[in-house]
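Novice:
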Amino acid sequence: MRHAVLLAAALAAPALAHAQAPASVPGRLLASNCFQCHGTDGRGGFDEIAGKSPSEIVNKLKEMRAENKPGEIMNRHAAGYTDAQLKLIGDYLATRK
Amino acid sequence: MKNVMNRRRMLATLGGLSAALLAGAMPARADDGEHDRRPRSSTTGPVPLPVTGIKGKVVIVGGGMAGVTLAKYLRLWGGAGIDVTLVEREGAYTSNILSNLVLNGNVAMSSLSFGYAKVASSYGVKVLQANVDGVDAVARRVHYMRNGLPGELPYDRLVLAPGIDFDFPPGLTTAEAQLAAPHAWKAGAQTLALRDQLKAMPAGGTFLMTIPAKPYRCPPGPYERACVVADWLRRNKPGSKVLVLDANPGITAEVATFTRAFNVTYQGIVTYIPNAAVTTVDIGAHFVYTTFGSTPFHGDVLNVIPPHRAGRIVADAGLANDPVGKFAVVDVLSYESTMIPGIHVIGDAAATTMPKAGHIANQEAKVCADAMIRLMAGLAPDPSPVTNSACYSPITRETASWLTSVFAYDPVARAMAAVPASSGEAHAPSKDHYEDMFIWFDTLMKDAFA
Chain A
404 MRHAVLLAAA LAAPALAHAQ APASVPGRLL ASNCFQCHGT DGRGGFDEIA GKSPSEIVNK
464 LKEMRAENKP GEIMNRHAAG YTDAQLKLIG DYLATRK
Chain B
-4 MKNVMNRRRM LATLGGLSAA LLAGAMPARA DDGEHDRRPR SSTTGPVPLP VTGIKGKVVI
56 VGGGMAGVTL AKYLRLWGGA GIDVTLVERE GAYTSNILSN LVLNGNVAMS SLSFGYAKVA
116 SSYGVKVLQA NVDGVDAVAR RVHYMRNGLP GELPYDRLVL APGIDFDFPP GLTTAEAQLA
176 APHAWKAGAQ TLALRDQLKA MPAGGTFLMT IPAKPYRCPP GPYERACVVA DWLRRNKPGS
236 KVLVLDANPG ITAEVATFTR AFNVTYQGIV TYIPNAAVTT VDIGAHFVYT TFGSTPFHGD
296 VLNVIPPHRA GRIVADAGLA NDPVGKFAVV DVLSYESTMI PGIHVIGDAA ATTMPKAGHI
356 ANQEAKVCAD AMIRLMAGLA PDPSPVTNSA CYSPITRETA SWLTSVFAYD PVARAMAAVP
416 ASSGEAHAPS KDHYEDMFIW FDTLMKDAFA
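In order, the protein sequence lines correspond to chains A and B.
Take any residue in the first sequence, note its place counting from 1, add 403, and you have its number in our numbering.
For the second sequence, counting from 1, position 305 maps to 300 in our numbering; every step adds exactly one.
1) Can you list, in chain order, the residues of its chain whose CB lies under 6 angstroms from that of T64 of chain B, leaving out five sequence neighbours each side?
2) Which residues in chain A have a C-beta closer than 7 angstroms to the C-beta of K519 of chain B? List them in chain order.
3) Can you check which of these residues, B:V362, B:A364, B:G320, is closest to A344 of chain B by C-alpha distance?
4) Give the list of continuous alpha helix (DSSP H) stretches no shorter than 4 residues that lie fully inside the segment 156 to 197 of chain B.
5) Short of 6 angstroms in beta carbon distance, which residues of its chain neighbour D78 of chain B, apart from the five on each side in sequence? Order them along the chain.
6) Compare the C-beta of R190 of chain B against all C-beta atoms of chain A and say whether one is closer than 8 angstroms.
7) Pick out whichever of B:G76, B:N298, B:S289, B:Y267 has its Cα sitting closest to the Cα of I278 of chain B.
8) Between C437 of chain A and T438 of chain B, which are expected to be in contact by the criterion C-beta below 8 angstroms, what is the C-beta distance as a whole number of angstroms?
9) Against G474 of chain A, what residues of chain B qualify as contacts under a CB-to-CB distance less than 7 angstroms, listed in chain order?
10) Specify, as a first and last residue, the run of the alpha helix (DSSP H) that F436 of chain B falls within.
11) Tell whether a beta-carbon distance below 8 angstroms holds between L71 of chain B and Y111 of chain B.
12) Is DSSP giving Q439 of chain A helix, strand or coil here?
13) According to DSSP, is A411 of chain A part of a helix, a strand, or is it coil?
14) For P389 of chain B, would you say it is in contact with chain A, using Cβ-to-Cβ distances shorter than 8 angstroms as the test?
15) Per DSSP, which residues does M411 of chain B bridge with? Please list them.
16) In three-state terms, what does DSSP make of P45 of chain B?
17) Ordered along the chain, which non-local residues of its own chain (more than five positions away) have a Cβ less than 8 angstroms from that of D26 of chain B?
18) To the nearest angstrom, how far is it from the Cα of Y267 of chain B to the Cα of H354 of chain B?
19) Going by alpha carbons, who is nearest to P350 of chain B out of B:L98, B:P41, B:P214?
20) Kindly say whether A23 of chain B, judged by its beta-carbon, lies nearer than 8 angstroms to any beta-carbon of chain A.
21) Nearest by alpha-carbon distance to G200 of chain B: which of B:A280, B:F163, B:Q192, B:K236 is it?
22) Roughly how many whole angstroms lie between the Cα atoms of M334 of chain B and W227 of chain B?
23) Mind checking if N383 of chain B is an interface residue toward chain A, Cβ cutoff 8 angstroms exclusive?
24) DSSP three-state label for Q423 of chain A, please.
25) Closer than 8 angstroms, CB to CB, is L144 of chain B near chain A or not?
26) With the cut-off set at 8 angstroms, would you say I368 of chain B and A426 of chain A are in Cβ contact?
27) Going along chain B in order, which residues have a C-beta closer than 8 angstroms to the C-beta of A424 of chain A?
28) Alpha carbons only, please: which of B:G373, B:L93, B:A175 is nearest the one belonging to P217 of chain B?
29) Please report how far the alpha carbon of A184 of chain B lies from the alpha carbon of K500 of chain A, in whole angstroms.
30) Take S418 of chain B as the anchor and find which of A:P473, A:E466, A:T443, A:T485 has the nearest alpha-carbon.
31) Are the Cβ atoms of P294 of chain B and L238 of chain B separated by less than 8 angstroms?
32) Closer than 7 angstroms between beta carbons: that is the criterion. Which residues of the segment 248 to 282 of chain B meet it against chain A?
33) From I49 of chain B to L240 of chain B, what distance separates their C-alpha atoms?
34) Residue range of the beta strand (DSSP E) that N298 of chain B falls in?
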């Protein structure tokens, strides 16, 4: 039992190294719309979308949105977001490494 | 009782930790280079949680797509100060998504089973297998039964995510009748019962399925099933028919895809009849009576999907306040009930303008998690949430279609509204979409359960 408590404390330690995190992070909830297909925090699934530069993500989304390809799922999906929302998504995903 | 609870919880938590240690765990989650495409959650061991200083006790009832996603994200975003208990009747979740592919043998039932060990070990969610039988909204306590013994859980905020229950028509009110004419709309034993009946059906027979009026779970799902079954029958039992009796005035999702599938791909096999709501089922005679004329329809196999309502706990808690008294009306900024403060309802049990389906339930859960964290921090929910629906549907044993839509908050209607330009469906079913369907499913399930 005491062992388990010590181990639990050791495992919890990395969290203490983080600074106080805010209740909400700009772009996080918006970007979480990507996670069903691109993995939690953008890691996994169809394409790796985490940790790229914000402009790379935003430009790609705008490019897919602008194409005349209504039979492509991302052409439709990207059309669901305003430019301001795409920027928030790009900025957030860039922080995910 | 309390001791039993605490010991059980402790075992769950320690069990997760020791499993992680045995795996040589701790930071096996390398901060991966770009060649490692594994989601963080695919590694073992606890995921580092943010330190937000936010504290609260949350109880979630129901471990389906909505409930388990919420449990994970409350911890992942809100930190370890948020005590999350997930109460679920079953030991594992059986995915409804892809379950039509059990009928044609493409997918094994076992591959649709998802347990709760990962959300416990990775995020520190406390998982309690018990049957919730009451809510005391004044004392803020959930009452449950576990192994025949009563217990209770206090909460600061309660979330009900019980999914759906059925309103069985006359003739289908006994357990025997429900197995004789399986809905297979909650995957598991019902799916296997329907598969076995399909296999045993005589060649040249009729597979009769009925679709309830909206809102029902997974709008394209029944039409998808008609296609998958028709495809299987034409290969395995030539001359057989699929008769689709739809209570709705027309196909409710992917209209172009399913119209073409019924009229072209499965011409001469599928017969589609709208405005045919089931009134009575005669199991002995294999007859289904509907609102479409007075003559009953005969089927060798009867697959009756009854009308839906929210899981019973919603009505029991006094939250089924939509106009027909079946689902819970919520504020979609937070998914808090409009009836009782402090209780939220997510997923198929909520009355919203969005479809009832696993992918969007996952996103509702994230909106709910973000809102609850803000509320516990004394902040207001995000005033402009966005959700999305996406879904792949098999059309044959080797092709699939898709549909998608993004929903944005409309502050005037105080409801989620589909962004028109974002709504669409695949131009044609394809093998590529079929492959993509499994990537989508795998990633979605990981985003919820791992």
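Glycine residues also receive a C-beta, built at the ideal position from the N, C-alpha and C atoms.
Specialist: Once the coordinates are examined:
1) N357, A360, A443
2) Outside the displayed range of chain B (-4 to 445) lies residue 519 of chain B, so it cannot be described from this structure.
3) B:G320
4) 170 to 175, 184 to 195
5) K52
6) no
7) B:N298
8) 10 angstroms between Cβ atoms; not a contact.
9) A421, H422
10) 426 to 444
11) no
12) helix
13) Note that A411 of chain A scores 40 on pLDDT, short of 50, meaning its location in the model is unreliable and no value can be drawn from it.
14) no
15) B:Y404
16) coil
17) Any reading at D26 of chain B is ruled out, since the residue's pLDDT is 32, under 50, leaving its predicted position unreliable.
18) 27 angstroms
19) B:P214
20) Annotation note: pLDDT 30 at A23 of chain B (below 50); position unreliable, coordinate value reported separately. Closer than 8 angstroms: no.
21) B:K236
22) 47 angstroms
23) yes
24) strand
25) no
26) yes
27) P45, V46, T47, G74
28) B:L93
29) 42 angstroms
30) A:P473
31) Per the sequence presented here, residue 294 of chain B reads as Gly, with Pro not at that position. Cβ distance < 8 angstroms, so G294 of chain B and L238 of chain B count as in contact.
32) none
33) 51 angstroms
34) 296 to 299
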